[in-house]
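Student: Numbering (my numbering), first residue to last: 8 to 168. Glycine residues also receive a C-beta, built at the ideal position from the N, C-alpha and C atoms.
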């Protein structure tokens, strides 16, 4: 089973955003289990309370790194990353699973973005689009795309692209 984790800076408050994120993570886990994916989890980290943006990015990157399993491949989410289609994203997850990669950790930075050290450690850097998204919404979009990837791989009609 290939573990999938979303590690993100910022805490989602109780409410519709948290519920929607949980819904997509649960769906992804249920859909992926029969295809060798799971569990699908998340790790939330508090935003660094430092006055300097660069210092915040470094502190948050260190905190994110501490949550990444040692055997996981790192995929950074960054506005400057490469955009991929849902089908290409699904194919990449399938390839990693077929290579017997134990886990993939998707990392989402705080308001200042990800520190360069973490970006350099990432195997891949993806963008959810040219617009900057709030961290909570980025998490929801990523979770939905993970679920969509599971349905694409399963041939489920959820994805009608």
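Please classify residue 38 as buried or exposed, where buried requires at least 16 other C-beta atoms within 10 Å of its C-beta.
Tutor: Within the chain shown, numbered from 1, the residue matching residue 38 stands at position 31. Residue 38 is buried by the Cβ-count criterion.
Student: Beta carbon of residue 116, beta carbon of residue 47: below 7 Å?
Tutor: Looking up residue 116 in the chain shown gives position 109. Looking up residue 47 in the chain shown gives position 40. Contact flag unset, no.
Student: Please report the residue range of the alpha helix (DSSP H) in which residue 149 lies.
Tutor: As a working note, residue 149 is residue 142 in the chain shown. Note, residue 149: alpha helix (DSSP H), 142–161.
Student: Going by CA-CA distance only, name the one from 136, 93, 89 that's closest to residue 126.
Tutor: In the chain shown, counting from the first residue as 1, residue 126 sits at position 119. Ranking the options by Cα distance to residue 126, first place goes to 89.
Student: Cβ atoms of residue 114 and residue 14: under 7 Å apart, would you say?
Tutor: Position 7 of the chain shown, counting from 1, holds the residue named residue 14. Position 107 of the chain shown, counting from 1, holds the residue named residue 114. In this structure, residue 114 lies closer than 7 Å to residue 14 by Cβ.
Student: What's the gap between the Cα of residue 3 and the Cα of residue 155?
Tutor: A question about residue 3 goes unanswered here, because the residues of the chain that appear run from 8 up to 168.
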